[in-house]
Every structure is written in C-alpha cells, then in structure tokens.
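Report on the following structure.
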Amino acid sequence: MSTATTPQLLEADFLERKHRAGLGFDDYVATAKPDKQQAWRDVYDQIELTEPQLTLISSFTRQMRIVVSSGAWCGDCVQQCPLIARIAEASELIDLKFVDRDEHADLSQRIMICGGLRVPTAVFMAEDYEFIGLLGDRTLTRYRAMAAQQLGANCPLPGAPIPTDELRATMQDWLNEIERLQLLLRLSPRLRQKHGD
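First residue of the sequence shown: 2, per the numbering used here; consecutive thereafter.
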C-alpha cells in the first residue's frame with residue numbers, strides 16, 4: 002500500500018503549500034458537476050464508522066495531515082474519498098484536504114504510481130508537514146473487487162451501486178493505514194522528544 006518516495010520530492014515546505022491550498026470535503030465535492038456531487042454524497046451517506054472504529058480513532062494522540070490528490074470526476078475517488086472523509090471527521094487530530102490532480106500537477110508528478118497519475122492518492126504528513134506515507138490509488142479491497150469483476154466471468158454495469166460490505170472493507174483498509182501511520186508518529190523519537198512523551 003505505502004510506497005517510499007524520494008524525500009527531496011516531498012519536502013515539508015512543498016507539502017505544507019499543497020495542504021494549505023487544499024479544500025475540505027464539502028468544498029471539494031462542490032467543485033464537481035451536479036451529477037457527480039450526488040454520487041459523492043451517496044457513498045458518504047451509505048457508510049458510517051462502527052463503534053470499534055470510532056473507539057480506535059479516539060485513541061489517536063498525534064496530529065496528522067493528509068492531502069489527497071483526486072479528481073471530482075473519478076469513479077475510484079467517488080468510491081473512496083468519502084470514506085477517508087468519514088475517518089477524518091471522527092478525529093480533531095486528522096487534518097484532511099483534497100486537491101485536484103490536474104490543477105496541482107506539480108504534486109501529481111511527484112506521487113505517480115506505476116508510471117501513472119493515479120487518483121485518489123493520499124499523502125500523509127506529521128504535524129509539521131514532514132512526509133510519513135503515501136497510499137493510492139486503490140486499497141487491497143478495491144483491487145480484489147475489481148479483479149473479481151474484471152478478471153472473472155462478469156463485470157458490473159457502469160454506475161452500479163457499491164456493495165456495502167465492500168465499502169466497509171475499503172473503509173477498514175484506509176483506517177488500517179491511518180492507524181499504522183498514527184503508531185509511526187506516536188513512536189517517532191523526534192516527536193516523542195518534541196512532546197516529552
């Protein structure tokens with residue numbers, strides 16, 4: 002899921018500029034065409050965090066910044082970004098912003114995956130915008146579902162509803178990565194020294 006990126010390509014000052022230029026979830030969705038806005042809202046409304054997930058998120062202790070390179074037109078973004086938004090909304094410590102892939106090509110070019118401009122791609126940062134991780138363009142659950150559909154005997158109709166169990170599993174994939182990075186931040190010697198814990 003995560004991939005190493007050349008540090009000089011994702012320096013803290015660059016990531017801070019990208020994060021500050023980003024939009025919150027509702028403002029970002031408002032940039033989409035009306036039919037796409039509804040698709041984003043439908044996925045958002047279809048899924049909620051479970052009590053165990055909320056309990057986990059409430060245990061986070063470090064501030065984390067996330068900027069997601071996305072496309073309001075992108076089906077994979079529609080199916081995953083509302084899940085990331087749900088997770089971020091559950092914690093005051095997660096500062097989530099979205100940027101358009103094409104409008105922020107300087108970021109997109111630095112976070113290419115397998116030679117492509119993949120969306121959504123989330124860049125995770127510490128409180129001071131130091132790079133800590135990257136996840137894109139699909140979680141394991143999304144890839145498994147796509148493989149079953151595209152490599153199997155049948156394919157879904159375009160725009161077909163997303164099964165709730167698939168959304169739940171994809172949400173857990175994103176939460177697992179965020180938890181992993183929270184633990185990285187919590188155990189960071191640099192941040193432990195800074196916070197005296």
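We treat Cβ as the ideally placed atom computed from N, Cα and C, and that holds for glycine. Model, not experiment: these values are computed from the prediction.
Determine the closest residue to S92 out of V124, I67 and A106, with distance taken between C-alpha atoms.
Closest by alpha carbon: I67.
Quick check: the Cα distance between I200 and I88, rounded to an integer number of angstroms?
Outside the shown range of the chain, which is 2 to 198, sits residue 200, and nothing can be said about it.
Check whether the region 30-39 touches the region 105-116, taking contact to mean three or more Cβ pairs, one atom from each stretch, closer than 8 Å.
Because the criterion of three Cβ pairs below 8 Å is not met, the region 30-39 and the region 105-116 do not touch.
Per DSSP, L57 is paired with what?
According to DSSP, L57 bridges with nothing at all.
Can you tell me where the alpha helix (DSSP H) holding R191 begins and where it ends?
Where R191 is concerned, the enclosing alpha helix (DSSP H) stretches over P190 to H196.
Using the C-alpha atoms, what's the distance from G197 back to L97?
If you take the alpha carbons of L97 and G197, they lie about 26 Å apart.
Output needed for P159: all residues of its chain with C-beta closer than 8 Å, excluding positions within five of it in sequence on either side, in chain order.
Note that P159 has pLDDT 49, beneath the 50 cutoff, so the model's placement of it is unreliable and no number is given.
What are the residues that DSSP puts in a beta bridge with I67?
According to DSSP, I67 bridges with L97 and F125.
Identify the residues that DSSP records as bridge partners of F15: which are they?
BP columns for F15 are empty, so no partner.
Looking at chain D, is there any beta carbon in it that lies within less than 7 Å of the beta carbon of L118?
The chain inventory of the structure shown lacks chain D, comprising one protein chain alone.
Considering only the alpha carbon of each residue, which of P190, E180, Q173 and R187 lies closest to L50?
It is Q173 whose Cα lies nearest to the Cα of L50.
Once the 5 residues before and after Q183 are set aside, which same chain residues still bring their CB inside 7 Å of it?
Excluding positions up to five away in sequence, the list reads F61, R63 and M65.
Which residues bound the beta strand (DSSP E) around I133?
That run of the beta strand (DSSP E) goes F132 to G137.
If you drop the 5 nearest sequence neighbours on each side, which residues of the same chain put their C-beta closer than 8 Å to that of Q81?
Excluding residues within five positions, the ones whose Cβ falls inside 8 Å are P121, R139, T140, R143, T171 and W175.
What is the DSSP secondary structure of L152, reduced to helix, strand or coil?
Three-state result, L152: coil.
In whole angstroms, what separates the C-alpha of Y45 from that of L192?
Approximately 33 Å, taken between the alpha carbons.
Just mark R102 as buried or exposed, buried being the case when its beta carbon has 16 or more other beta carbons within 10 Å.
The residue is buried, with at least 16 neighbouring Cβ atoms inside 10 Å.
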